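Residue numbers (our numbering): 3 to 236. I have placed the structure first, in the form of structure tokens, so that the comments after it can refer back to it.
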Amino acid sequence: MYSSLVRAQNAFGFFTTIAFVVGVLIAATDLFAPRTPSGTVKATNVQVVLGRPHYYSTRKEEYAVVKFDLDADLSSLFRWNTKVLFVYVTAEWPDRNVRGAGAANATNSAVIWDSIITSPSSDHLANIGPATLKKLRRSAAGKSIDPSRGKLRLRNQRPKYQITHPSGKIAETDDVVLKLHYNVQPWVGLLTWDQDSDLGVWKKMKGGLSKKFAFPVLKSKKQEGGSPRGNTAA
Numbered sequence: 003m004y005s006s007l008v009r010a011q012n013a014f015g016f017f018t019t020i021a022f023v024v025g026v027l028i029a030a031t032d033l034f035a036p037r038t039p040s041g042t043v044k045a046t047n048v049q050v051v052l053g054r055p056h057y058y059s060t061r062k063e064e065y066a067v068v069k070f071d072l073d074a075d076l077s078s079l080f081r082w083n084t085k086v087l088f089v090y091v092t093a094e095w096p097d098r099n100v101r102g103a104g105a106a107n108a109t110n111s112a113v114i115w116d117s118i119i120t121s122p123s124s125d126h127l128a129n130i131g132p133a134t135l136k137k138l139r140r141s142a143a144g145k146s147i148d149p150s151r152g153k154l155r156l157r158n159q160r161p162k163y164q165i166t167h168p169s170g171k172i173a174e175t176d177d178v179v180l181k182l183h184y185n186v187q188p189w190v191g192l193l194t195w196d197q198d199s200d201l202g203v204w205k206k207m208k209g210g211l212s213k214k215f216a217f218p219v220l221k222s223k224k225q226e227g228g229s230p231r232g233n234t235a236a
């Protein structure tokens, strides 16, 4: 009953219980830290091309390329428990092909750009060079979090991914909007995403939605092919 193995098991059980309780308390501190994200996004150049959007595509199809401007202040999302902030922009538009009860809420959504922003405490996890890492550490010296980490200013940004549709047709689509999203990955706790309504001191995204625009008529393209990466609307 009081063997060394039993005592080791009891000590380990006590340790894991304490670690779990401390982890819960750490995660709970995020609930009391205000989140006030804001941003503006605007489409600056929109084209629809007939070609092969993926390097592995076996047929030509229509795909859209959307350049955009982005101004965002997500610095309030960086707290001492923040490990990584994932930021991405989607293009969304109503799905006119859906019939029935769900037609009103049917929406196509495709990611056109994304970025990973690390906190100073997790810079070593980022795939960056020694010179950039040294610069980031210097900028964060003496600060719990460098506020500039969450501030983005992009002008006429090229998309990382093109927009396609399962039907292969995407030209002359109306009511398209760009939307800014984020995902916070903490050191301890649950992943959290942007929210549609205020939750205590966590505020919903202020702005972050572009004006409606349309995918234009198909642009002729002499050469086949495209970027090696693409994104298909769901």
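Using N, Cα and C, we set each Cβ at its ideal position, and we do this for glycine too. For clarity, every value in this text was computed on a predicted model and none was experimentally measured.
If you draw a straight line from the C-alpha of V24 to the C-alpha of E64, how long is it? Approximately 53 Å, taken between the alpha carbons.
CB contact flag (L180, V91, <8 Å): yes
Counting along the chain, where does the beta strand (DSSP E) carrying F70 start and finish? E63 to D75
Under three-state DSSP, which class holds L193? coil
How would you write the range of the alpha helix (DSSP H) that N12 sits in, first residue to last? In the DSSP assignment, N12 falls within the unbroken alpha helix (DSSP H) covering S6 to T31.
In the DSSP assignment, the beta strand (DSSP E) including P96 goes from what residue to what residue? T84 to P96
Just tell me which of D97, F80, K162 and A112 has its CA closest to the CA of I119. F80
Closer than 6 Å by C-beta to F40: which residues in its own chain qualify, once you throw out the five before and the five after it? Chain order, please. Note on identity: in this sequence residue 40 is Ser, with Phe being the wrong assignment. D75, K208 and G209, listed in sequence order.
Where does the unbroken beta strand (DSSP E) through P188 begin, and where does it stop? For P188, the enclosing beta strand (DSSP E) begins and ends at V179 to P188.
Within 10 angstroms of its Cβ, does Y58 collect 16 or more other Cβ (buried), or is it exposed? exposed
Go ahead and pull the three-state DSSP assignment for L156. strand
Euclidean distance between Cα positions of G15 and S5: 16 Å
Quick check on I20: buried or exposed, where buried means 16 or more other Cβ atoms within 10 Å of its Cβ? exposed
So the beta strand (DSSP E) L52 belongs to, where does it begin and stop? L52 -> beta strand (DSSP E) spans S40 to G53.
Helix, strand or coil for D125 per DSSP? helix
In terms of alpha-carbon separation, which member of P168, F70 and A13 lies closest to K162? F70
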